[in-house]
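Colleague:
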């Protein structure tokens, strides 16, 4: 079983829809959570970063973390065609020793105009 | 803004060639990483470095080596390129803080013929 599970999609929605992207994880040591957006043939871009349970909002994006359920979500309001990309969740523990991130496999999102 | 640059966006090499991929970051980050990304396999860590001249193997180090002579520069070396090393290579950096996110470069699409 993978440490981080993410539905690969593709997820196709009409412009203006609310999008919900999700990841589940099994390692209770994960304390820091990130969402990256990756356009085709480009590097991942950090979208959201959070380290506590609850919600964090940034413009049209809301990151939600539920550590008790080991579940994180990214909500996109008023989705736009420019949001069409692959979204990767990533997470890591608090110790400095293991510096790498554990990634989900990514969800491909297509927003139809 | 954090800036991570990679020496080439696209590279075509022949089997058996020695290949150098260069990565430079301008944020004085302690940690630097090399990943490869393949369809269906996600992001896989090859090597990372937490200080000048220091390195640790990631999940798939076979066939690769790295060099970090200066803090801002991290090189990935394919000693003898093979066709199964055709992939998207991504460099990332992060500060040496517990839980810090990583910042990615634009990627190098390497094709080995």
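Protein chains in written order, with our numbering: chain A, 3 to 115; chain B, 871 to 983. Built from N, CA and C at the ideal position, the CB exists for glycine as well.
1. I need the DSSP call for residue 71 (chain A), collapsed to helix, strand or coil.
2. When burial is assigned at 16 or more other CB atoms within 10 Å of the CB, is residue 1042 (chain B) buried or exposed?
3. Whose CA, out of A:96, A:27, A:15, lies closest to the CA of residue 69 (chain A)?
4. Could you pull the DSSP bridge partners for residue 48 (chain A) from this structure?
5. Could you give the DSSP three-state label for residue 85 (chain A): helix, strand or coil?
6. Any idea what DSSP makes of residue 955 (chain B), helix, strand or coil?
7. Among A:14, A:30, A:31, which residue has its Cα nearest to the Cα of residue 23 (chain A)?
8. Residues of chain B with CB closer than 9 Å to the CB of residue 48 (chain A), please, in chain order.
9. Leaving out five residues before and five after residue 110 (chain A) in sequence, what residues of the same chain have Cβ atoms less than 6 Å from its Cβ?
10. Between residue 980 (chain B) and chain A, is the shortest Cβ-Cβ distance under 8 Å, so that the two count as touching?
11. Would you call the CB atoms of residue 933 (chain B) and residue 948 (chain B) closer than 8 Å?
12. Anything in the segment 908-940 of chain B with a Cβ closer than 7 Å to a Cβ of chain D? List those residues in chain order, please.
13. With 16 as the cutoff for other CB atoms within 10 Å, does residue 897 (chain B) come out buried or exposed?
14. What first and last residue would you give for the beta strand (DSSP E) that runs through residue 21 (chain A)?
15. For residue 107 (chain A) versus residue 8 (chain A), is the C-beta distance shorter than 8 Å?
16. Buried or exposed for residue 20 (chain A), please, with buried defined as at least 16 other CB atoms from any protein chain shown within 10 angstroms of its CB.
17. Using the Cβ count rule (16 or more neighbours within 10 Å means buried), how would you classify residue 30 (chain A)?
18. I need the DSSP call for residue 33 (chain A), collapsed to helix, strand or coil.
19. Identify whether residue 53 (chain A) lies in helix, strand or coil by the three-state DSSP scheme.
20. Thinking C-alpha only, which one of B:929, B:945, B:941 is nearest residue 935 (chain B)?
21. Which same chain residues, not among the five before or five after residue 977 (chain B), have their C-beta less than 6 Å away from its C-beta?
22. With a threshold of 8 Å between beta carbons, is residue 65 (chain A) in contact with chain B?
23. Using a Cβ-Cβ cutoff of less than 6 Å, which residues in the same chain neighbour residue 4 (chain A) once the five nearest sequence positions on both sides are dropped?
Modeller: The short version:
1. Collapsing the DSSP output to three states places residue 71 (chain A) in coil.
2. Residue 1042 (chain B) lies beyond the stretch modelled for chain B, which goes from 871 to 983, so this question has no answer here.
3. It is A:27.
4. A:38
5. In the three-state reduction of the DSSP assignment, residue 85 (chain A) falls in the helix class.
6. helix
7. A:14
8. 872, 971, 972, 973, 974
9. 11, 12, 88
10. no
11. yes
12. As a matter of chain content, chain D is missing from the structure shown, whose protein chains are A and B.
13. exposed
14. 21-27
15. yes
16. exposed
17. exposed
18. strand
19. coil
20. B:945
21. 958, 960
22. no
23. No residues qualify anywhere along the chain.
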